[in-house]
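K.L.:
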Amino acid sequence: MSQEELIKRCIKNDIKAQEQLYRDYSPKLFSLCLKYSPSYVEAQDNLQDGFLLIFEKIKQFEFKGSFDGWIKRVMLNLVLQQYRGKSFLSIVDENIPDEPEVEIEDDVSMEFLMKIIQELPDRYRLVFNLTVFENYSHQEIANELGISVGTSKSNLSRAKVILKEKIEHNVGNSKIPFSK
Numbered sequence: 138m139s140q141e142e143l144i145k146r147c148i149k150n151d152i153k154a155q156e157q158l159y160r161d162y163s164p165k166l167f168s169l170c171l172k173y174s175p176s177y178v179e180a181q182d183n184l185q186d187g188f189l190l191i192f193e194k195i196k197q198f199e200f201k202g203s204f205d206g207w208i209k210r211v212m213l214n215l216v217l218q219q220y221r222g223k224s225f226l227s228i229v230d231e232n233i234p235d236e237p238e239v240e241i242e243d244d245v246s247m248e249f250l251m252k253i254i255q256e257l258p259d260r261y262r263l264v265f266n267l268t269v270f271e272n273y274s275h276q277e278i279a280n281e282l283g284i285s286v287g288t289s290k291s292n293l294s295r296a297k298v299i300l301k302e303k304i305e306h307n308v309g310n311s312k313i314p315f316s317k
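Just so you know, we're using the working numbering here: the sequence shown kicks off at 138 and counts up by one.
Here it is as structure tokens:
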């Protein structure tokens with residue numbers, strides 16, 4: 138069945154089509170949920186809640202633009218909505234230090250990098266992921282999370298410092314997993 142037919146059947150609340158859409162998109166969307174959720178369990182919950190929202194809003198998709206982009210945006214908005222206006226996102230000091238350059242060895246595994254990104258505190262992980270993986274500007278991040286542009290910049294800078302320290306520490310101690 139074509140993607141357009143699948144979407145039209147989902148609009149009509151066809152359970153089989155919804156199951157197929159879930160099977161087709163859940164791996165990619167779960168990966169997105171993992172990037173922005175503080176735990177694996179919360180990522181699973183976000184995925185389920187996100188699909189409920191997608192099935193509720195799918196009639197709003199007008200077949201203009203990419204469905205992949207639309208479904209990803211719905212899921213990302215749902216996950217980020219949990220963080221909007223949360224006090225842990227704000228910081229007192231908005232003096233933004235120069236952003237450190239993080240040199241990543243070619244043979245460092247993506248699994249290790251994703252692990253240390255996932256370990257970042259929420260406020261740093263969210264801003265880092267939105268900047269690096271979603272190409273959001275600091276203004277877009279500020280609007281999305283209900284924080285100031287300065288806070289977004291500061292959180293990104295701090296995330297980079299933490300990641301740089303973890304990479305350097307693990308490389309220096311030969312604990313870093315290398316890709317094969």
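Cβ atoms here follow ideal geometry from the backbone N, Cα and C, with glycine treated the same way. None of these values were measured; they are calculated from a predicted model.
#1: What is the rounded straight-line gap between the Cα of Gly187 and the Cα of His275?
#2: Should Val264 and Leu300 be called a contact, given that it needs their Cβ atoms to be closer than 9 Å?
#3: For chain C, find out if any of its Cβ atoms is closer than 9 Å to the Cβ of Phe204; answer yes or no.
#4: Tell me whether Ile284 sits in a helix, a strand or coil according to DSSP, three-state version.
#5: Nearest to Gln155 by alpha carbon, out of Ile195, Tyr173, Leu171, Ser174?
#6: Do Lys196 and the ligand SAH come close, with the Cβ less than 8 Å from some heavy atom?
#7: Applying the 10 Å Cβ sphere with the 16-neighbour rule, what's the burial state of Met212?
#8: How big is the Cα-Cα spacing for Gln219 and Glu281?
#9: Helix, strand or coil: which one does DSSP assign to Asp186?
#10: Please say whether Thr288 and Ala279 have beta carbons closer to each other than 9 Å?
#11: Excluding the 5 residues flanking Leu184 on each side, which residues of the same chain have their C-beta closer than 7 Å to its C-beta?
#12: List the endpoints of the continuous alpha helix (DSSP H) containing Ile148.
#13: Run the CB neighbour count on Lys153, radius 10 Å, all protein chains shown included, and call it buried at 16 or more, exposed below.
#14: Are Tyr173 and Asn266 close, meaning C-beta to C-beta below 9 Å?
#15: Just tell me which of Gln197, Leu250, Val269, Arg260 has its CA closest to the CA of Phe302.
#16: With a 10 Å radius around its C-beta and 16 neighbouring C-beta atoms as the bar for buried, classify Val216 as buried or exposed.
P.N.:
This is what the structure gives:
#1: As a first step, residue 187 is located in the sequence shown; it is residue number 50 there, counting from the start. As a first step, residue 275 is located in the sequence shown; it is residue number 138 there, counting from the start. Gly187 and His275: Cα-Cα distance of roughly 25 Å.
#2: Along the sequence shown, read from residue 1 onward, the residue named residue 264 stands at position 127. Along the sequence shown, read from residue 1 onward, the residue named residue 300 stands at position 163. Leu300 sits away from Val264, with the two beta carbons spaced by 9 Å or more.
#3: The structure shown contains no chain C; it holds only a single protein chain.
#4: Reading the sequence shown from its first residue, position 147 is the one you call residue 284. In this structure, Ile284 counts as coil in the three-state DSSP scheme.
#5: Residue numbering aside, residue 155 sits at position 18 when the sequence shown is read from its first letter. Minimum Cα distance to Gln155 is reached at Ile195.
#6: The model depicted lacks the ligand SAH and carries no ligand whatsoever.
#7: One-based indexing of the sequence shown puts residue 212 at position 75. Met212 should be labelled buried.
#8: Here residue 219 is taken as the residue at index 82 of the sequence shown, counted from 1. Here residue 281 is taken as the residue at index 144 of the sequence shown, counted from 1. Roughly 11 Å between the two C-alpha positions.
#9: Sequence index remark: in the sequence shown, residue 186 carries index 49 (1-based). Three-state DSSP puts Asp186 in a helix.
#10: Within the sequence shown, numbered from 1, the residue matching residue 279 stands at position 142. Within the sequence shown, numbered from 1, the residue matching residue 288 stands at position 151. Cβ atoms of Ala279 and Thr288: closer than 9 Å.
#11: Start at 1 with the first residue of the sequence shown, and residue 184 comes out as number 47. Around Leu184: Ser163, Leu166, Phe167, Cys170.
#12: As a working mapping, residue 148 is identified with position 11 in the sequence shown. Element bounds for Ile148: 140-148.
#13: Your numbering for residue 153 matches position 16 in the sequence shown. Per the 10 Å Cβ criterion, exposed.
#14: To locate residue 173, count along the sequence shown from 1; it is residue 36. To locate residue 266, count along the sequence shown from 1; it is residue 129. Their beta carbons are under 9 Å apart, which means Tyr173 touches Asn266 by this criterion.
#15: Translated into positions along the sequence shown, residue 302 becomes position 165. Checking the displayed sequence, the identity of residue 302 turns out to be Glu instead of Phe. Of Gln197, Leu250, Val269, Arg260, the residue nearest in Cα terms is Leu250.
#16: Counting from one through the sequence shown, the residue named residue 216 turns up at place 79. It is buried - the Cβ of Val216 has at least 16 other Cβ atoms within 10 Å.
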